[in-house]
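> If you read the sequences in order, they're chains A and B.
The first sequence begins at 7 in the numbering used here and counts up by one.
The second sequence begins at 6 in the numbering used here and counts up by one.
Where is the CB? At the ideal position from N, CA and C, for every residue including glycine.
Owing to the predicted nature of the structure, the values given are computational and were not obtained by experimental measurement.
Right, I'll just put the structure down here and ask away after.
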Amino acid sequence: KAGVTQTPRYLIKTRGQQVTLSCSPISGHRSVSWYQQTPGQGLQFLFEYFSETQRNKGNFPGRFSGRQFSNSRSEMNVSTLELGDSALYLCASSSGGQGVSPLHFGNGTRLTVT
Amino acid sequence: AQTVTQSQPEMSVQEAETVTLSCTYDTSENNYYLFWYKQPPSRQMILVIRQEAYKQQNATENRFSVNFQKAAKSFSLKISDSQLGDTAMYFCAFMKLSNDMRFGAGTRLTVKP
């Protein structure tokens, strides 16, 4: 089974621009979660999507948004980029059904904002 | 809110020896799940071991085992017979039933030859 795939692996943007990151979950997984990882703040939960609906949301400003498509693929968008948005963005998928299933992570997208 | 604390930013161990990584958490929930993830330089987070809070028996996975103390809210990871490939960042994580996983700050483990 193919793992979680994130594209692109690296991205460089300038302040004020917007960016879209993509995540393809493991086949059959319906839940996709997004995390931001920085040296200062560690791993922080952004949001989770399940069956095309946002099910959980972390404590990030509205500039961070996401969506999930009918094939469970997910995109995350960050508008009006700030220098502090430079981070590794990790996507994780799980079956998302009843109970708890472990998250399976992708390799991440390294975003640099200049 | 749930918090996860890893008090050891860095640790090192000699190859073939045993090392224990500490983790404590704070929650008012009774049903939850705990995990240890490993993040090697390749960046990918890899699940090492999981523990359901309702299970008293400590989870084991080959050379990896946990010491889960629910009353003390402690969840340590023991790595036996350490190998060079175990060198990585290790994250302790807490999750309720909502799929919102909270991570500790991580412990950087170096296995020395």
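List the whole-angstrom C-beta distance separating Cys29(A) from Gly102(A), where the pair is believed to meet the contact cut-off of C-beta under 8 Å.
Counting from 1 along the first sequence, the entry for residue 29(A) is found at position 23. Counting from 1 along the first sequence, the entry for residue 102(A) is found at position 96. Actually they do not touch by this definition, with Cβ atoms about 14 Å apart.
> Residues of chain A with CB under 7 Å from Met50(B), in chain order?
For this step, residue 50(B) is matched to residue 45 along the second sequence. Here the neighbours are Leu96 and Phe111.
> Any idea what DSSP makes of Leu89(B), helix, strand or coil?
Counting from one through the second sequence, the residue named residue 89(B) turns up at place 84. Of the three classes helix, strand and coil, the one that applies to Leu89(B) here is helix, per DSSP.
> Provide the residue span of the beta strand (DSSP E) that contains Glu81(A), from first to last.
Counted from its first residue, the first sequence places residue 81(A) at position 75. For Glu81(A), the enclosing beta strand (DSSP E) begins and ends at Ser80 to Val84.
> Phe108(B) touches chain A at which residues, Cβ-Cβ below 7 Å?
Here residue 108(B) refers to the residue found at position 103 when the second sequence is read from its first residue. Chain A residues near Phe108(B): Gly48 and Leu49.
> Below 8 Å between beta carbons: does that hold for Phe73(B) and Gly48(A)?
As a first step, residue 73(B) must be located in the second sequence, where it is residue number 68. As a first step, residue 48(A) must be located in the first sequence, where it is residue number 42. Cβ distance not < 8 Å, so Phe73(B) and Gly48(A) don't count as in contact.
> Under a three-way DSSP split, which group does Leu39(B) fall into?
Position 34 of the second sequence, counted from the start, is the residue given in the question as residue 39(B). If DSSP states are grouped into helix, strand and coil, Leu39(B) belongs with the strands.
> In the DSSP assignment, what are the bridge partners of Tyr16(A)?
Stepping through the first sequence from its first residue, residue 16(A) is reached at position 10. Beta-bridge pairing links Tyr16(A) to Arg116(A).
> Does the contact criterion of 3 or more C-beta pairs under 8 Å hold for the region 22-36 of chain B versus the region 80-99 of chain B?
Yes: at least three Cβ pairs fall under 8 Å.
> DSSP state of Gly90(A), grouped into three classes?
Counting from 1 along the first sequence, the entry for residue 90(A) is found at position 84. DSSP places Gly90(A) in helix when its eight states are reduced to three.
> If you check the beta carbons only, do Asn62(A) and Phe75(A) fall under 8 Å apart?
The residue given as residue 62(A) occupies position 56 in the first sequence. The residue given as residue 75(A) occupies position 69 in the first sequence. No, these two residues do not count as a Cβ contact at 8 Å.
> Residues of chain A with CB under 7 Å from Asp105(B), in chain order?
Against the second sequence, residue 105(B) aligns to sequence position 100. Result: Phe51, Glu54 and Asn62.
> Quick one: what does DSSP say Leu49(A) is sitting in, helix, strand or coil?
What you label residue 49(A) is simply residue 43 of the first sequence in a count that begins at 1. Looking at Leu49(A) - three-state DSSP - the assignment turns out to be strand.
> Apart from the five residues just before and just after Leu109(A), which ones in its own chain have a Cβ nearer than 8 Å to its Cβ?
Here the question's residue 109(A) lines up with position 103 in the first sequence. Cβ within range, chain order: Ser39, Ala98, Ser99 and Ser100.
> Mind checking whether Gln12(A) and Gly114(A) have CB atoms under 8 Å apart?
Along the first sequence, one-based indexing puts residue 12(A) at 6. Along the first sequence, one-based indexing puts residue 114(A) at 108. Result yes, Cβ atoms of Gln12(A) and Gly114(A) sit closer than 8 Å.
> Since Val25(A) contacts Val84(A) with CB under 8 Å, what's their CB separation in whole angstroms?
Locating residue 25(A) in the first sequence gives position 19, where the first residue counts as 1. Locating residue 84(A) in the first sequence gives position 78, where the first residue counts as 1. Right, their Cβ atoms sit about 5 Å apart.
> So, under 8 Å CB-CB, Leu94(A) and Arg116(A) are touching, yes? Tell me the CB distance rounded to an integer number of Å.
Counting from 1 along the first sequence, the entry for residue 94(A) is found at position 88. Counting from 1 along the first sequence, the entry for residue 116(A) is found at position 110. Confirmed, about 5 Å.
> Look up Ile51(B) in the DSSP assignment and give the residues it is bridged to.
For the purposes of this step, residue 51(B) is taken as the residue at position 46 of the second sequence. Answer is Lys43(B), bridged to Ile51(B).
> Does any residue of chain B have a CB that is nearer than 8 Å to the CB of Pro67(A)?
Residue 67(A) sits at position 61 when you count from the first residue of the first sequence. It does not: the Cβ of Pro67(A) has no partner Cβ on chain B nearer than 8 Å.
> Between Leu27(A), Leu17(A), Thr118(A) and Gly46(A), which has its C-alpha nearest Ser71(A)'s C-alpha?
Along the first sequence, read from residue 1 onward, the residue named residue 71(A) stands at position 65. Of Leu27(A), Leu17(A), Thr118(A) and Gly46(A), the residue nearest in Cα terms is Leu27(A).
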